[in-house]
Amino acid sequence: MSVIKDVIDKVKQTDPDQPEFHQAVEEVLETLEPTTKRHPEFVKANIYERIVEPERAMHFRVPWVDDKGKVIVNRGFRVQFNNAIGPFKGGLRFHPSVNLGIIKFLGFEQVFKNSLTTLPMGGGKGGTDFDPKGKSDGEVMRFCQAFMRELFRHIGPECDVPAGDIGVGGREIGYLFGYYKKIRNEHTGVLTGKSLEYGGSLVRPEATGYGTTYFAAEMLATRGLDFKNKIVAISGAGNVAQYAVEKVNQLGGKVITLCDSSATIIDEKGIDAKKCDYVIELKNVKRGRIKEYADKYKSACFEGMSVWDVIREQGIKVDIALPCATQNELDGINAAALVKNGCYCVAEGANMPSTPDAVKIFQENNVLYGPGKAANAGGVATSGLEMSQNSMKLSWTREEVDNRLLLIMKSIHKSCIETAEAYGRKGDYVTGANIAGFTKVARAMLAYGVV
Ligand code: NDP
Ligand code: 2IT
């Protein structure tokens, strides 16, 4: 255990105030133990210690003026984690909880996720503690412009390609891209998640939620199961959750939950296609709260509680769970309750939504458990497809992109299964995803020598 343990200890000692980063590093490195025996060359070249250190991390001031004329200062970050297999690639998160440790955890996860997609993308992540909630369009625009005023010098279509994440959707990407184009005088594929009119890809908005559902379907198929008539719990009400609901409906499942940071709604009749369209409009256009769903459709609403709290407290039966809100939203107590209530499949639309305790409970109870870096890779994979289309200066049809997304999710599933099996861990998607993602990056790093 020594190499792995030494690296984990060093990370904790060096940056004691980054608990999410420690959690992500520990989760990945612990499963990499067998690779140290099979690949002594990785140990010799000290790949394990090199891979937990970002290539570089930018931390910058973002001053902007609010609607009242007051000067506000936020913090901006971009962590370029690893570009061994392609340009740095990963989203931007706008949320008051953002700090360097959270961006590092997300960037680290992104390295392995992007490797799994089969596309040539390295890993990175960025963001800010600016809270878009309650801000006017003008304020969001001025913030995005101020953010890009610094970010532009660090990114580029062959260098680092940001996209959306929590708090960053089509509107924000528009403001960010518009400003980059203005100050660089270049119309290039420097961001993904763009609108169709200026270089976006069909299916990118849907891709993470669709991809997570495709991945869950692949896991279910290994036990001869599918989504038909299954009860599905989904958390979040944002980009990933919305299109997970849409795809689950298309595959014949019944989604009964959604949440935002204020409340959880339970609709035992099912959030059907029409209600899903209502949620998309409510969240993306009106920027309202999920509580309004309960008022409109007369469903149950639990303020101040997460989906997983409500399922535990109310003893709600669930077959499949898709956590699509945020990190560490699902803890061991709620995981045990999910299992007790009949849940046998968990696919993570969010990044690291299950705590280590929760993951342990899923694995001990033989739950089909797909970790985020595999299950939610469809978003960044389709970003990769957007980059390809931008480079070729053409655009593919919806069918073409959706079909490629499906094939990529199937291929990620296959590579998790095969790698887990090759390491004697049949059915362990965590080990499979981590080792498969890692090996490709490690080989590339090895090829470059010490740089
Ligand atoms: P959005 O901002 O569109 O939506 C996030 C949703 O989660 C909102 O409903 C939000 O509620 C809720 N949420 C956020 N924080 C909390 C919290 N602390 N407690 C309860 N609910 C919360 O983001 P996305 O849908 O894009 O992202 C969701 C997750 O998916 C994140 O983990 C992200 O990293 C991951 N992801 C996203 C991808 C993408 O392409 N967008 C790709 C892969 C992963 P509220 O509105 O109240 O804040
Ligand atoms: O976590 C993620 O994979 C994302 N937020 C999407 C990143 C991207 O570059 O599309």
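As numbered in our numbering, the sequence shown has no gaps in its residue numbers, which increase by one up to the final residue, 451.
For glycine and all other residues, C-beta sits at the position ideal for the given N, C-alpha and C.
Query: Could you give the residue range of the alpha helix (DSSP H) that holds Ile-311?; Result: 307-314
Query: Quick one: does the C-beta of Arg-351 sit closer than 7 Å to a heavy atom of ligand 1?; Result: Note that residue 351 is Asn in the sequence shown, not Arg. Checking every heavy atom of ligand 1 against the Cβ of Asn-351, one is found closer than 7 Å.
Query: Excluding the 5 residues flanking Asn-334 on each side, which residues of the same chain have their C-beta closer than 6 Å to its C-beta?; Result: Trp-308, Arg-312
Query: Whole angstroms are fine: how far does the CA of Gly-252 sit from the CA of His-59?; Result: 46 Å
Query: Hey, would you say Lys-194 sits closer than 8 Å to Ile-173, going by beta carbons?; Result: yes
Query: Select from Ala-207, Gly-238, Phe-88 the residue whose C-alpha is nearest the C-alpha of Glu-400.; Result: Ala-207
Query: Indicate the three-state DSSP secondary structure (helix, strand or coil) for Pro-40 in the structure shown.; Result: helix
Query: Taking the C-alpha atoms as reference points, what is the distance between Phe-302 and Ala-45?; Result: 53 Å
Query: My parser needs the alpha helix (DSSP H) runs of 4 or more residues fully inside the stretch 316-351; what are they?; Result: 332-340
Query: Bridge partners of Gln-80, per DSSP?; Result: Arg-56, Gly-124
Query: Excluding sequence positions up to five away, which residues of its chain have a Cβ less than 7 Å from the Cβ of Lys-317?; Result: Ile-231, Asn-341, Gly-342
Query: Assuming the contact rule is C-beta atoms closer than 8 Å, Ile-102 and Asn-82 should be a hit. Round their C-beta distance to whole Å, please.; Result: Contact flag wrong, Cβ pair sits at about 18 Å.
Query: In three-state terms, what does DSSP make of Cys-416?; Result: helix
Query: In the DSSP assignment, find the unbroken alpha helix (DSSP H) run with Asp-160 in it and report its ends.; Result: Unbroken run through Asp-160 is the beta strand (DSSP E), 160-163; no alpha helix (DSSP H).
Query: Taking just the CA atoms, how far does Val-73 sit from Lys-274?; Result: 41 Å
Query: Measure the CB-CB distance between Ala-325 and Cys-276 and report whether it falls below 8 Å.; Result: no
Query: May I ask you to list the residues that DSSP assigns as paired with Trp-64?; Result: Ile-72
Query: By Cβ distance, which residues of its chain are closer than 7 Å to His-187, with the 5 residues on each side in sequence left out?; Result: Lys-181
Query: How would you label Ala-447, buried or exposed, when you count the other beta carbons within 10 angstroms and need 16 or more for buried?; Result: exposed
Query: As an exercise, report each continuous beta strand (DSSP E) stretch of at least 3 residues that is fully enclosed by the stretch 372-444, in chain order.; Result: none
Query: With a threshold of 7 Å (Cβ to nearest heavy atom), would Pro-325 be considered close to ligand 1?; Result: The sequence shown places Ala at residue 325, rather than the Pro named in the question. Checking the Cβ of Ala-325 against ligand 1 gives yes.
Query: Quick check: does the Cβ of Ala-163 come within less than 7 Å of any heavy atom belonging to ligand 2?; Result: yes
Query: Assign Lys-186 to one of three DSSP states: helix, strand, or coil.; Result: Residue identity differs from the one stated: residue 186 is Glu in this sequence, not Lys. Reduced to three states, the DSSP call for Glu-186 is coil.
Query: Please find out if some non-hydrogen atom of ligand 1 comes closer than 7 Å to the beta-carbon of Asp-331.; Result: no
Query: Buried or exposed: where does Tyr-243 fall if 16 or more other Cβ atoms within 10 Å of its Cβ makes it buried?; Result: buried
Query: Less than 8 Å between the CB atoms is what I'm expecting for Ile-361 and Leu-32, so what's the real figure, rounded?; Result: The Cβ separation is near 22 Å, so there is no contact.
Query: So, with DSSP's three-state summary, where would you put Arg-149?; Result: helix
Query: Just to check, is the beta-carbon of Thr-192 closer than 7 Å to a non-hydrogen atom of ligand 2?; Result: yes
Query: Comparing C-alpha positions only, which one of Lys-89, Thr-431, Gly-189 sits nearest to Ser-201?; Result: Gly-189
Query: Who are the Cβ neighbours of Lys-12 in its own chain at under 7 Å, not counting the five residues just before and after it?; Result: His-22
Query: Relative to ligand 2, is the shortest distance from any of its heavy atoms to the C-beta of Val-441 smaller than 7 Å?; Result: no
Query: Would the stretch 263-274 and the stretch 208-228 be scored as touching if the rule is three or more Cβ pairs under 8 Å?; Result: no
Query: Among Asn-366, Ile-412, Gly-76, which has the Cα closest to the Cα of Pro-63?; Result: Gly-76
Query: Does the Cβ of Ala-347 lie closer than 7 Å to at least one heavy atom of ligand 1?; Result: no
Query: Which parts of the stretch 186-248 are runs of the alpha helix (DSSP H), unbroken and 4 residues or longer, counting only runs that do not cross its ends?; Result: 204-221
Query: With distances taken Cα to Cα, identify the nearest neighbour of Gly-304 among Ala-336, Gly-288, Thr-264, Arg-289.; Result: Thr-264
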